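Residue numbers (my numbering), protein chains in the order written: chain W, 12 to 123; chain B, 32 to 774. All remarks here apply to the structure that follows.
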Amino acid sequence: MKLITAVIKPHKWDDVREALETFGVTGMTVSEVSGYGRQKGHTEVYRGAEYDIALVPKIRIEIVIDDADSEDVVGIITKTAQTGRIGDGKVWVSPVDTVVRVRTGDRDQAAI
Amino acid sequence: MTAQGRRERTAAADQRCVQAYAGADLPDTGAALVAVGGYGRSELAPYSDLDIVLVADDDVVLGSGAEQVWYPLWDSGTKLDHSVRTFTGMLEAAAGDLRVALGLLDMRHIAGDPNLTLRLRTQVLTHWRRTAKARLPELRQMVESRHQLMGELAHVSVPDIKEAEGGLRDAGVLKALVATWLVDVPHVDLERSRRSLLDARDVLHEVAGRAGDRIGPDVWAELAPGLGLADAAAVQRHLRVLGRRIAHLSRLTWRRTDDVLLRPSSPAAVRRPRLEPLGPGVALSAGEVVLAADADPAADPLLLLRAAALAAERDVELSPTSTARLVREGSGLPDPWPEGARQLFVRLLAAGPGLRAVWETLEETGAMDRILPEWERIRLLPHASVIHRFTVDRHLVETCIEASALIRHVGRPDVLMVAALLHDIGKGELTEHSVAGEPIARAIATRMGFDERSVDLIGTLVRWHLLLAETASARDPDDPATVRRVTERVPDLEALNLLRALTESDARATAPKAWSSWRANLIDTVGRQAAEALGGAQVEAPAKPTWAEVAVPKAVRKGATCIDVELLEDGAQVTVIAPDRLGLLADVAALFATQRASVRAARAWSQGDVAVSVWDIGDAHLDGAVLRQRFEAIAAGRLDPAARLRRTLGEGLAPTVVVRPEASSQSTVLEVRAADRTGVLYLVCAALAAQGLSVRSAHVDTLGPQAVDVFYVQEEGAGALGDLRASQAAHAVREALTPSVAG
Numbered sequence: 012m013k014l015i016t017a018v019i020k021p022h023k024w025d026d027v028r029e030a031l032e033t034f035g036v037t038g039m040t041v042s043e044v045s046g047y048g049r050q051k052g053h054t055e056v057y058r059g060a061e062y063d064i065a066l067v068p069k070i071r072i073e074i075v076i077d078d079a080d081s082e083d084v085v086g087i088i089t090k091t092a093q094t095g096r097i098g099d100g101k102v103w104v105s106p107v108d109t110v111v112r113v114r115t116g117d118r119d120q121a122a123i
Numbered sequence: 032m033t034a035q036g037r038r039e040r041t042a043a044a045d046q047r048c049v050q051a052y053a054g055a056d057l058p059d060t061g062a063a064l065v066a067v068g069g070y071g072r073s074e075l076a077p078y079s080d081l082d083i084v085l086v087a088d089d090d091v092v093l094g095s096g097a098e099q100v101w102y103p104l105w106d107s108g109t110k111l112d113h114s115v116r117t118f119t120g121m122l123e124a125a126a127g128d129l130r131v132a133l134g135l136l137d138m139r140h141i142a143g144d145p146n147l148t149l150r151l152r153t154q155v156l157t158h159w160r161r162t163a164k165a166r167l168p169e170l171r172q173m174v175e176s177r178h179q180l181m182g183e184l185a186h187v188s189v190p191d192i193k194e195a196e197g198g199l200r201d202a203g204v205l206k207a208l209v210a211t212w213l214v215d216v217p218h219v220d221l222e223r224s225r226r227s228l229l230d231a232r233d234v235l236h237e238v239a240g241r242a243g244d245r246i247g248p249d250v251w252a253e254l255a256p257g258l259g260l261a262d263a264a265a266v267q268r269h270l271r272v273l274g275r276r277i278a279h280l281s282r283l284t285w286r287r288t289d290d291v292l293l294r295p296s297s298p299a300a301v302r303r304p305r306l307e308p309l310g311p312g313v314a315l316s317a318g319e320v321v322l323a324a325d326a327d328p329a330a331d332p333l334l335l336l337r338a339a340a341l342a343a344e345r346d347v348e349l350s351p352t353s354t355a356r357l358v359r360e361g362s363g364l365p366d367p368w369p370e371g372a373r374q375l376f377v378r379l380l381a382a383g384p385g386l387r388a389v390w391e392t393l394e395e396t397g398a399m400d401r402i403l404p405e406w407e408r409i410r411l412l413p414h415a416s417v418i419h420r421f422t423v424d425r426h427l428v429e430t431c432i433e434a435s436a437l438i439r440h441v442g443r444p445d446v447l448m449v450a451a452l453l454h455d456i457g458k459g460e461l462t463e464h465s466v467a468g469e470p471i472a473r474a475i476a477t478r479m480g481f482d483e484r485s486v487d488l489i490g491t492l493v494r495w496h497l498l499l500a501e502t503a504s505a506r507d508p509d510d511p512a513t514v515r516r517v518t519e520r521v522p523d524l525e526a527l528n529l530l531r532a533l534t535e536s537d538a539r540a541t542a543p544k545a546w547s548s549w550r551a552n553l554i555d556t557v558g559r560q561a562a563e564a565l566g567g568a569q570v571e572a573p574a575k576p577t578w579a580e581v582a583v584p585k586a587v588r589k590g591a592t593c594i595d596v597e598l599l600e601d602g603a604q605v606t607v608i609a610p611d612r613l614g615l616l617a618d619v620a621a622l623f624a625t626q627r628a629s630v631r632a633a634r635a636w637s638q639g640d641v642a643v644s645v646w647d648i649g650d651a652h653l654d655g656a657v658l659r660q661r662f663e664a665i666a667a668g669r670l671d672p673a674a675r676l677r678r679t680l681g682e683g684l685a686p687t688v689v690v691r692p693e694a695s696s697q698s699t700v701l702e703v704r705a706a707d708r709t710g711v712l713y714l715v716c717a718a719l720a721a722q723g724l725s726v727r728s729a730h731v732d733t734l735g736p737q738a739v740d741v742f743y744v745q746e747e748g749a750g751a752l753g754d755l756r757a758s759q760a761a762h763a764v765r766e767a768l769t770p771s772v773a774g
């Protein structure tokens, strides 16, 4: 099993969710996060106050999935979230040892 | 029909209880079965529990008789909430637990010794009255925390007909308040609303097939046939109107209770009504804004708005009786409104949390029809989206309250407040509400007497109030088309700033979660880029005003000061011409401040070495001779205005002082936004004079609760200020206006 984590631009969230649902991903964890990548550290003045715009709003998606589906899901997220501009985000995959469904105690494949 | 149902259910339950009691081995005297709470009031809903107490005199032993009462009732499937208590135990329970005390107020005899019930009832009521003053604060807190938890019946999306603010529980509390003999309520009004709510609860129980008082989104329609109403919308409206009515009565009664609790116990002090004058025709009495003795509603079309604004700003009740009289006898507002009406209306909207209760009184007394007939369109209208906490009308009022905290961020607080009030006015139609709302908002703004530019701003804000939020969450901020999408629709910086403030207020009023720093960041990213595209991240100062040359009297050439007063219908125009000197404008401002004359607007400029200022004063009782005398005293230093004026600055939003970029390099532009209070202008001018800065020209405007003052200042010799000097000047002005430092 793999944990797929994706950080994408907020406006792409609806498209990505739709594409993942079409593919058959049934569940995911989504959070509103802020962060920065390579282009960081500049400030701007807006409405009379100086803003540190190093932290850019992003959406983070986390999905636990079968090894076999992992590449497909990464492909779907990458393709759907792409605008070609700076700040499109990142997707990474990490191995997962065990998954337990809290309600039933089911483990691993059965719990996904 | 359902009232009869309640009687029949109660009678049937009584019969079961009487039989059960008769079958038990209990003494003839010294024991009784009493009903409390809703059952005590004979108001059983189809699935209500029976609240009953078996009570016995302290020296009577019940033995197994008690259980013998309950078994037949349990066997018959009756849902019981029962207890067994001694006479003293009952009184102690009432003294110790407010909920028990409230339930016992509705005690009713069912079976056993009627004398015991009578004695108990008398004791409970006497005790309640005797201890009321001590217990009411606790009751009030209990009620308030319930309100916070449950929301208002009139406005929350899934209301609880019993526990919500304006629900059955509140009606019961009102009856308990009346039972203290400290306050009274309009009984017919309360009882009518309460019975209608009871009817609705009966139908709700029947439809749901169980006890439960929450009305889910799909239940409204099911209630319609039982209540004899056409559809879900009619049911919503019916119940929300009832909830609004009870909540209103409850709020008024609590305010009066507070007043009774605070009132000194000496009877002499009670008899003298104290009236504290607040403004022309308006006074404060016993915590309510009322009409003064000399008020003439027929001759003063602004009276209603003035009373409302003053009540909201002080966060006190606007007397419903006075408001009703204003509706009856008052003259309507002319079309278009005079400027004074607009100013008062904006002050009302920007008053903060005090707006809620006052707005409610305006609605309940029919005064809203006079001020804003279009309000009826969205009154108690439910929102389509479940994310909303409130119905549309209440959401608009909440948006105003949120926006009132942001007025220092915008140059046009009046436009912001009116747009906040009207942004959803187009709801309830098939057309997209922002599209439907724009023409309505424009028509209202025109009637309110706004100029063309302001009407355009309000129309744009209403039409595009969702633009920033939608763009930020659905468009790529790095795509140039995204910025164009905003700038094509909101073509200038002032409008963009206003839209940013409206977006935040709207979201905050929608739901606490609808505005987070994450979301603010998202929206500001788009706002910032749009601002840059519109030509800079700062709003430019208004163009330097140009003035017609004024003929300078010969006396002024010789060093005298000329003060000329021209009385107008609702105020006065005062022209001051004097040889220019450092601190002159501060002295003139001090003159009006010490006279407590409110400055509506002012313009000041220099003609060579002569300074001219024209003041629009909202006070028709100015006397030129007095002004001249006072001015000489101030100019000669015999009268120090500083000492008495600084204290008049109260709490509130902090002022903003901004150095604006200007096209010409002749002078530096300072823009000051602060609460509109007597003496603000004097403090600003004095602070500038103390910095050795001369004011070349100034433009002072009052927009509702906010004074916006623009000063073109120069070094005393000549020329614009350096960056450091400019920020020092801004700092000095800010300090002068901040109470903690100035006080």
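For each residue, glycine too, the CB sits at the ideal point set by N, CA and C. Since this is a predicted model, take the numbers as computed values, not measurements.
Identify every residue that forms a DSSP beta bridge with residue i.
i	result
B/R691	B/V700
B/P610	B/V641
B/I83	B/A66, B/H113
W/V40	Looking at the sequence provided, one finds Thr at residue 40 of chain W rather than Val. Partner(s): W/E73.
B/C593	B/I608
W/K101	W/V18
B/D191	B/R245
W/P106	W/K13
B/D366	Per DSSP, none; premise fails for B/D366.
B/A728	Here residue 728 of chain B turns out to be Ser, not Ala, going by the sequence shown. The partner list for B/S728 (beta bridge, DSSP) reads B/W636, B/Y743.
For the putative contact between residue i and residue j, defined by C-beta atoms under 8 Å, what is the C-beta separation to the nearest angstrom?
i	j	result
B/G61	B/V91	4 Å
B/V739	B/R704	5 Å
B/E194	B/M181	5 Å
W/S182	W/I19	For residue 182 of chain W there is no data in the structure shown, the boundaries of chain W being 12 and 123.
B/R334	B/L357	Note on identity: in this sequence residue 334 of chain B is Leu, with Arg being the wrong assignment. About 6 Å; that satisfies the 8 Å criterion.
B/V272	B/G257	Between B/G257 and B/V272 the Cβ distance is about 18 Å, and since that is not below 8 Å, they are no contact.
B/R473	B/I489	7 Å
W/V75	W/V113	Actually they do not touch by this definition, with Cβ atoms about 14 Å apart.
B/G197	B/I277	4 Å
B/A635	B/A642	7 Å
W/V27	W/I88	6 Å
Judging by CA-CA distance, which residue of the options is the nearest neighbour of residue i?
i	options	result
B/L748	B/D640, B/Q99, B/S465	The sequence shown places Gly at residue 748 of chain B, not Leu. The option with the nearest alpha carbon to B/G748 is B/D640.
B/G203	B/W101, B/S95, B/R226, B/P413	B/R226
W/D119	W/T37, W/E32, W/D77, W/G38	W/D77
W/D83	W/H22, W/A30, W/V41, W/D26	W/A30
W/R71	W/Q93, W/T91, W/K101, W/D108	W/K101
B/G649	B/S350, B/L349, B/Q374	B/Q374
B/A132	B/T162, B/A545, B/A342	B/T162
B/H454	B/W251, B/V428, B/G134, B/Q35	B/V428
B/A651	B/V630, B/G590, B/A545	B/V630
B/F662	B/H414, B/E405, B/A617	B/A617
What I want to know is whether the C-beta of residue i ends up closer than 7 Å to one or more non-hydrogen atoms of the ligand FAD.
i	result
B/H140	In terms of ligand content, the structure shown is empty, and the ligand FAD therefore cannot be addressed.
>> Residues of the segment 80-105 of chain W in Cβ contact with chain B at a cutoff of 7 Å, in chain order, please.
In response: T94, R96, I97, G98
> Looking at chain B, which residues of the segment 30-48 of chain W have a Cβ within less than 9 Å of any of its Cβ atoms?
Replying inline: E43, V44, S45
>> Across the segment 383-391 of chain B and the segment 429-438 of chain B, are there enough close Cβ pairs to call them in contact, namely three or more that are closer than 8 Å?
In response: yes
>> Tell me whether the segment 491-503 of chain B and the segment 531-546 of chain B touch, counting them as touching only if at least three CB pairs, one residue from each stretch, are closer than 8 Å.
In response: yes
>> Give me the subset of the segment 503-515 of chain B whose CB atoms are less than 9 Å from a CB atom of chain W, sorted by chain position.
In response: A503, S504, A505, R506, D507, P508, D509, D510, T513
>> Does the contact criterion of 3 or more C-beta pairs under 8 Å hold for the segment 502-518 of chain B versus the segment 386-397 of chain B?
In response: no
>> Could you check whether the segment 483-495 of chain B touches the segment 507-525 of chain B, counting it as contact only if at least three pairs of C-beta atoms, one from each stretch, sit closer than 8 Å?
In response: yes
> Hey, is the segment 154-165 of chain B in contact with the segment 63-72 of chain B, meaning 3+ C-beta pairs nearer than 8 Å?
Replying inline: no
>> Using a Cβ-Cβ cutoff of 7 Å, what residues of the segment 643-657 of chain B are near chain W? List them in chain order.
In response: none
> Counting pairs of Cβ atoms below 8 Å between the segment 204-220 of chain B and the segment 274-289 of chain B, do you hit three or more?
Replying inline: yes
> Does the segment 760-770 of chain B come close enough to the segment 655-662 of chain B to have 3 or more Cβ pairs within less than 8 Å?
Replying inline: no
>> Tell me whether the segment 48-65 of chain B and the segment 96-103 of chain B touch, counting them as touching only if at least three CB pairs, one residue from each stretch, are closer than 8 Å.
In response: yes
>> Across the segment 336-352 of chain B and the segment 310-328 of chain B, are there enough close Cβ pairs to call them in contact, namely three or more that are closer than 8 Å?
In response: yes
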